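Participant: In order, the protein sequence lines correspond to chains A and B. Under the numbering used here, the first residue of the first sequence carries the number 1, and numbering increases by one thereafter. Under the numbering used here, the first residue of the second sequence carries the number 142, and numbering increases by one thereafter.
2 protein chains.
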Amino acid sequence: MNKSTWVYGGVMGVLLIVLQSLNYRTLIKDISLEVYGGIIAILFLAVGIWLGSVLIKRVNEGTLFSFVKSKEVGLSNREAEVLQLMTEGLSNQEIADRLFVSMNTIKTHTSNIYVKLHVKRRTQAVQKASELQLIHTLSKN
Amino acid sequence: MNKSTWVYGGVMGVLLIVLQSLNYRTLIKDISLEVYGGIIAILFLAVGIWLGSVLIKRVNEGTLFSFVKSKEVGLSNREAEVLQLMTEGLSNQEIADRLFVSMNTIKTHTSNIYVKLHVKRRTQAVQKASELQLIHTLSKN
DNA sequence: AGTATCCTCATACTTTTGGGTGAATTGATA
DNA sequence: TATCAATTCACCCAAAAGTATGAGGATACT
């Protein structure tokens, strides 16, 4: 909501500048109408491409964990929590420390997660979580 | 290379149509130059936004591995290849079989990858690869 | 010719992960 | 109350991953 305002303002600013430059066009007679139209086209095409890419990028942003979607897959709250930390690259021991439980507990959770996600390995679980859009840790920067 | 041609052709087609329409402009005298410029601007802004989103989507599509970006991080060709398969959830043995080398070789590669990516574990490497947009395995669907 | 980088492989050892089984506790639910 | 799902934990064993070190061959660049 915040950035959109800036984008909108920027686009409007560029639009104003271009429209303003139309006044100066009468001074420059040697520029044909076709060239003039082409310049505007290219200019706004560039702005549009940039805008489009920015908008799409913002969709992919964020590190939200969709517990709702996790439920749909069949994961319990705790399992979703563990999966979240797993995708952040933490080891079982680190996850255990983070959640104040033993590593054995985490192992149990991870095993159950693998079964529910139909995967064999940790990296595949991370992969699956991304595919199912359970997490959105990409394009953070 | 293939789709880019189509995109290029499409853009050029639209450009031609717009430029062609300039001939008809002389017939419509009541449209001011400002309005004319605005129409072109909006039109190409729309095309640009669409183009931008499509281009970004295509970047995120598939399982392309950006060897160019990998080089920037300092990864060798082989290391990039291994990282690619790693992110697909393959084990070291599976990667070894896929590349027709021994598992020891893969272990060497993975260790070097971890050093270059400044990570400790496999999942973190996958994470890092996503963050750095070395791979684009998301939004497959 | 010498240097550097990459790719390859081995050996040995440690750590992490995964699989299987069993079990105690809690809270909600039929 | 009986049952079920979720959470917790333990023990054991096997597989996979990771670390350290050394080393040979290929290619490319100085």
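Ideal Cβ positions, reconstructed from N, Cα and C, are used throughout, including at glycine. Every value quoted in this text rests on a predicted model; they were computed, and no experiment measured them.
Using a C-beta cutoff of 9 Å, does B:G230 count as contacting chain A?
Facilitator: Interface residue, yes.
Participant: Taking a cut of 9 Å between CB atoms, which residues from the segment 249 to 262 of chain B lie near chain A?
Facilitator: Taking 9 Å as the Cβ-Cβ cut-off against chain A, the residues of the segment 249 to 262 of chain B that qualify are V260, K261, R262.
Participant: Tell me which residues of the segment 122 to 133 of chain A have at least one Cβ-Cβ distance to chain B shorter than 7 Å, keeping chain order.
Facilitator: For the segment 122 to 133 of chain A, which is checked against every Cβ of chain B, the residues closer than 7 Å are R122, T123, Q124, V126, Q127, S130, E131.
Participant: Reducing DSSP to helix, strand and coil, say where B:R239 ends up.
Facilitator: The answer is helix: DSSP assigns B:R239 an H, G or I state.
Participant: Using the three-state DSSP reduction, which class does B:E272 fall into: helix, strand or coil?
Facilitator: B:E272: helix per DSSP, three-state reduction.
Participant: How about A:I106 and A:L99: are their beta carbons less than 9 Å apart?
Facilitator: Yes. Within cutoff.
Participant: What's the C-alpha gap between B:E235 and B:E229?
Facilitator: Approximately 11 Å between the Cα atoms of the pair.
Participant: Would A:I103 count as contacting chain B if we go by Cβ distances under 9 Å?
Facilitator: The amino acid at residue 103 of chain A is misidentified as Ile; the sequence shows Met. A:M103 does not count as touching chain B.
Participant: What distance in whole Å lies between the Cβ atoms of A:L83 and A:L75, which are believed to be in contact at a cut-off of 8 Å?
Facilitator: That pair is a contact at about 7 Å.
Participant: Would the beta-carbon of B:V267 fall within 9 Å of that of A:V115?
Facilitator: Cβ atoms of B:V267 and A:V115: not closer than 9 Å.
Participant: Thinking just about the alpha-carbon of each residue, which of A:A80, A:V73, A:N92 is nearest to the one in B:T264?
Facilitator: Cα-wise, what sits closest to B:T264 is A:N92.
Participant: Let me know if B:K283 comes out buried or exposed under the rule of 16 or more other beta-carbons within 10 Å of its beta-carbon.
Facilitator: Nothing about residue 283 of chain B can be reported from this structure: the residues present for chain B run from 142 to 282 only.
Participant: Sorted by chain position, which residues of the same chain lie with C-beta nearer than 7 Å to B:N253's C-beta, five sequence neighbours on each side aside?
Facilitator: Here the set comprises E220.
Participant: Express the C-alpha separation of B:S243 and B:S271 in angstroms, rounding to a whole number.
Facilitator: Cα to Cα, B:S271 sits roughly 27 Å from B:S243.
Participant: I'd like the list of long-range same chain contacts for B:L226, defined as Cβ closer than 8 Å, with 5 residues on each side in sequence excluded.
Facilitator: E235, I236, R239, L240, listed in sequence order.
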